[in-house]
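A.B. asks: The structure follows.
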Amino acid sequence: MRTAVLRAGAMVVRDDVPEPVPGPGQVLVAVKACGICGSDLHFAAHGDQMLAAGAEMEGMPDTLAGIDLAADVYLGHEFSAEVLEAGPGTDAPAPGTLVTSVPVLVTPTGLDMIVYSNHTVGGYSERMLLSAPLLLPVPNGLDARHAALTEPMAVGLHAVNTSKIERGETALVIGCGPIGIAIVAALKYRGVETIVASDFSPTRRTLAEVVGAHVSVDPAQGSPFHQSRPAVVFEAVGAPGVIDDVLRRAPAGARVVVAGVCMQPDTVHPFYASAKQISLHFVFGYEPTEFAESLRAIAEGDIDVAPLITGEVDLDGVAGAFADLADPERHCKIVVTP
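Residues in the sequence shown are numbered from 1 upward in steps of one, following full-length UniProt numbering.
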């Protein structure tokens, strides 16, 4: 079976990956589409730092524990797929059904995350295993490429839900990469009446307006805080210094939701937040119910993900796509169609 794997920091294609065999409760599927996530790019370049941070962190299980960067790593967690075969005694959608799922595989020994793994095949592959109880049939004849974006759009929906923003409040989204765009789309879906998006990239600002921003701002031409008074600020950059700048500029009483994932140490001035009584909330991922709602919203046309897809490659093009995604003027989301 052909699969694109991470090897020594680069994506390469293998032709000798063993065919997955579904066990009880599992389903063999043919991958139809898989989006390339920014976290995959970061893991390819800085996997050692991510593993070290996961090992240091307390308070929750280390989902990266046991990954060996000296061995091939399977990636790909934004996928849609066609059901091929169910495991023994397993109730599953009929063969040929297009499905998606949260990226988790239930095994006899526990839960395997379909994100980074040396043994659980991900979406950059011809075929993979999924858990039957977690499958969501894709409704309304939705395009497989659009269904694959259920996962990243759920991330944006989770950030918006966490903010508890009201329709009449102003939202400011800092950073219009895939996470920021997903947040803008979710804000529009929730009926927020004033959505401001800020990014240095003209292409990304335009895309933000396409998916729902009422105003887009080039921060090189002036602070977005000078052009709006947001009740909620969504930080979707994930770079050192951004959170502190938001705390410094945000209006008193603002709610700040940090959706960008910064892997480097950062510095903030707590006084900015204390003096203005700013609420600061970090978010990550989504709830299963938000994943299901994301799929339903896309399938019913309430969220249009088509403008996000700026490229499509097969498995042989994955390595080039990883490089191309470094240019924000060229791409937002590249989808792999094995």
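Here a beta-carbon is modelled for each residue, glycine too, at the ideal position from N, C-alpha and C.
Using 10 angstroms around the beta-carbon of GLY122, count the other beta-carbons present and answer buried if the total reaches 16, otherwise exposed.
C.D. replies: That one is buried.
A.B. asks: Please report the distance separating the alpha-carbon of PRO113 from that of ALA250.
C.D. replies: It should be pointed out that residue 113 corresponds to Met in this sequence rather than to Pro. Near 37 Å, if we compare the C-alpha coordinates of ALA250 and MET113.
A.B. asks: Only counting the same chain, and skipping five residues up and downstream in sequence, which positions put a Cβ closer than 7 Å to that of GLY96?
C.D. replies: Here the set comprises GLU82 and VAL83.
A.B. asks: Any chance you could list the alpha helix (DSSP H) runs of at least 4 consecutive residues sitting entirely within the UniProt domain "Alcohol dehydrogenase-like C-terminal" (178–299), in chain order?
C.D. replies: As far as the UniProt domain "Alcohol dehydrogenase-like C-terminal" (178–299) is concerned, its whole alpha helix (DSSP H) runs of at least 4 residues are 178–189, 202–211, 242–249, 270–276 and 288–299.
A.B. asks: Let's see if you can read the secondary structure: which residues bound the beta strand (DSSP E) around THR3?
C.D. replies: Its beta strand (DSSP E) spans residues 3–7.
A.B. asks: Which of the three DSSP states, helix, strand or coil, is assigned to GLY156?
C.D. replies: Three-state result, GLY156: helix.
A.B. asks: Measuring alpha carbon to alpha carbon, tell me which of ALA319, ASP245 and GLU300 ends up nearest ALA273.
C.D. replies: ALA273 has its Cα closest to that of ASP245, out of ALA319, ASP245 and GLU300.
A.B. asks: Could you tell me if THR170 is buried or exposed, where buried requires 16 or more neighbouring beta carbons within 10 angstroms of its beta carbon?
C.D. replies: That one is buried.
A.B. asks: Measure the CB-CB distance between VAL102 and PRO93 and report whether it falls below 8 Å.
C.D. replies: No; because the gap between Cβ atoms is not below 8 Å, this pair is not in contact.
A.B. asks: Starting from LEU51, trace the alpha helix (DSSP H) in both directions and tell me its first and last residue.
C.D. replies: 38–56 is the span of the alpha helix (DSSP H), which, as asked, contains LEU51.
A.B. asks: If I measure Cβ to Cβ from VAL186 and keep anything under 6 Å in the same chain, skipping five residues before and after, which residues do I get?
C.D. replies: Residue 186 is actually Ala in this sequence, not Val. Here the set comprises GLY156, LEU157 and VAL160.
A.B. asks: Does the beta-carbon of ARG255 have 16 or more other beta-carbons within 10 angstroms, so that it is buried, or is it exposed?
C.D. replies: By the 10 Å Cβ count, ARG255 comes out buried.
A.B. asks: Where LEU252 and VAL233 are concerned, what is the direct C-alpha to C-alpha distance, given to the nearest angstrom?
C.D. replies: With the sequence shown as reference, residue 252 is identified as Ala, and Leu is not the correct amino acid for it. Answer to the nearest angstrom: the Cα atoms are 12 Å apart.
A.B. asks: Inspect the beta-carbon positions of ARG204 and GLY177 and report whether they are closer than 8 Å.
C.D. replies: Yes.
A.B. asks: Where does VAL27 land, buried or exposed, given buried means 16+ other C-beta within 10 angstroms?
C.D. replies: That one is buried.
A.B. asks: Can you give me the Cβ contacts of GLY180 inside the same chain, cut-off strictly under 6 Å, excluding the 5 residues immediately before and after it?
C.D. replies: Closer than 6 Å at the Cβ level, and outside the excluded window around GLY180, lie VAL173 and ALA236.
A.B. asks: Do you know offhand how far THR267's Cα is from VAL242's?
C.D. replies: Looking at the two C-alpha atoms, the distance is approximately 10 Å.
A.B. asks: Please state whether DSSP places GLU85 in a helix, a strand or coil.
C.D. replies: Looking at GLU85 - three-state DSSP - the assignment turns out to be strand.
A.B. asks: Would you mind giving the Cβ-Cβ distance between VAL21 and ARG127, rounded to the nearest angstrom? I have them listed as a contact below 8 Å.
C.D. replies: So it is not a contact: roughly 10 Å between Cβ atoms.
A.B. asks: Start and end of the alpha helix (DSSP H) containing VAL318?
C.D. replies: VAL318 -> alpha helix (DSSP H) spans 318–324.
A.B. asks: Rank VAL336, PRO307 and LEU308 by C-alpha distance to the C-alpha of GLY320 and give the top, closest one.
C.D. replies: Looking at the Cα atoms, VAL336 is the closest of the given residues.
A.B. asks: In terms of DSSP beta bridges, what is ARG34 paired with?
C.D. replies: Checking the sequence, you will find Cys at residue 34 rather than Arg. BP columns for CYS34 point to PHE79 and VAL336.
A.B. asks: When you compare the segment 292–308 with the segment 184–199, are there three or more beta-carbon pairs, one atom per stretch, that lie closer than 8 Å?
C.D. replies: Segments in contact, yes.
A.B. asks: Taking its Cβ as the centre, do 16 or more other Cβ atoms sit within 10 Å of GLU329, making it buried, or is it exposed?
C.D. replies: It counts as exposed.
A.B. asks: Might you give, ordered along the chain, the residues of its own chain that have their beta carbon closer than 7 Å to the beta carbon of PRO219, omitting 5 neighbours on each side?
C.D. replies: Here the set comprises SER198 and PHE200.
A.B. asks: Note the first and the last residue of the continuous beta strand (DSSP E) segment covering ALA10.
C.D. replies: Element bounds for ALA10: 10–14.
A.B. asks: Does the beta-carbon of HIS119 have 16 or more other beta-carbons within 10 angstroms, so that it is buried, or is it exposed?
C.D. replies: Counting Cβ neighbours within 10 Å, HIS119 comes out exposed, since fewer than 16 surround it.
A.B. asks: Could you tell me the boundaries of the alpha helix (DSSP H) in which ALA147 lies?
C.D. replies: It spans 144–147 - the alpha helix (DSSP H) in which ALA147 sits, taken as one unbroken run.
A.B. asks: Pick helix, strand or coil for ALA65, following the three-state DSSP scheme.
C.D. replies: The answer is coil: DSSP assigns ALA65 none of H, G, I, E or B.
A.B. asks: When burial is assigned at 16 or more other CB atoms within 10 Å of the CB, is THR289 buried or exposed?
C.D. replies: By the 10 Å Cβ count, THR289 comes out exposed.
A.B. asks: Using CA coordinates, which residue listed in LEU247, VAL215, LEU129 and ALA8 is at the minimum distance from LEU69?
C.D. replies: When only C-alpha atoms are compared, the closest one is ALA8.
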